[in-house]
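Trainee: Can you read through this structure? Questions will come right after.
Numbering (the working numbering), first residue to last: 30 to 129.
Okay, structure coming up:
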């Protein structure tokens, strides 16, 4: 049986295409996670400023403590999301695919 040149090229190109798609997943995740992480960090920092303002105004300790706790949780979540974005960017730059 004779195999055509197009069929051979298609079979050889399939692993390269799949590898390229997995490679681009890191770049796409970086493009989504980086701005999302930065925005979340900004939100957490703003809420922390709000809780400090509540403390200065003399509001109940429970109120400013809860605002401060929530703001730090949001801030740290933003750092984690941005850190994941940095990981995906480094994987993209190195040309590696992320582990599942």
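Every residue gets a Cβ at the ideal spot worked out from N, C-alpha and C, and that includes glycine.
As the structure is a computational prediction, the values presented were derived from the model and not from experiment.
Would you mind sorting residue 110 into buried or exposed? The rule is 16 or more other CB atoms within 10 Å of its CB.
Mentor: Buried is the call here.
Trainee: Given a threshold of 16 other Cβ atoms within 10 Å of its Cβ, counted over all protein chains shown, does residue 90 qualify as buried or as exposed?
Mentor: So residue 90 ends up on the exposed side.
Trainee: How many Å lie between residue 107 and residue 67 at the Cα?
Mentor: Their Cα atoms are separated by approximately 6 Å.
Trainee: Look at the alpha carbon of residue 125 and the alpha carbon of residue 112, and state the distance between them as a whole number of angstroms.
Mentor: Going from the Cα of residue 125 to the Cα of residue 112 covers about 17 Å.
Trainee: Which full runs of the beta strand (DSSP E) of 3+ residues lie inside the stretch 72–112, going along the chain?
Mentor: Listed in chain order, nothing qualifies, since the stretch 72–112 has no complete beta strand (DSSP E) run of 3 or more residues.
Trainee: Just the C-alpha distance for residue 103 and residue 96, rounded to the nearest angstrom, thanks.
Mentor: Rounded to whole angstroms, residue 103 to residue 96 spans 11 Å at the Cα level.
Trainee: Short of 7 Å in beta carbon distance, which residues of its chain neighbour residue 59, apart from the five on each side in sequence? Order them along the chain.
Mentor: Excluding positions up to five away in sequence, the list reads 114, 117, 118 and 121.
Trainee: Report back the beta-carbon spacing between residue 99 and residue 76 to the nearest angstrom; my notes put them in contact at under 8 Å.
Mentor: About 7 Å separates the two Cβ atoms, so the contact holds.
Trainee: Roughly how far, in whole angstroms, is the beta-carbon of residue 71 from the beta-carbon of residue 101, given that I think they are within contact range, below 8 Å?
Mentor: Contact flag wrong, Cβ pair sits at about 14 Å.
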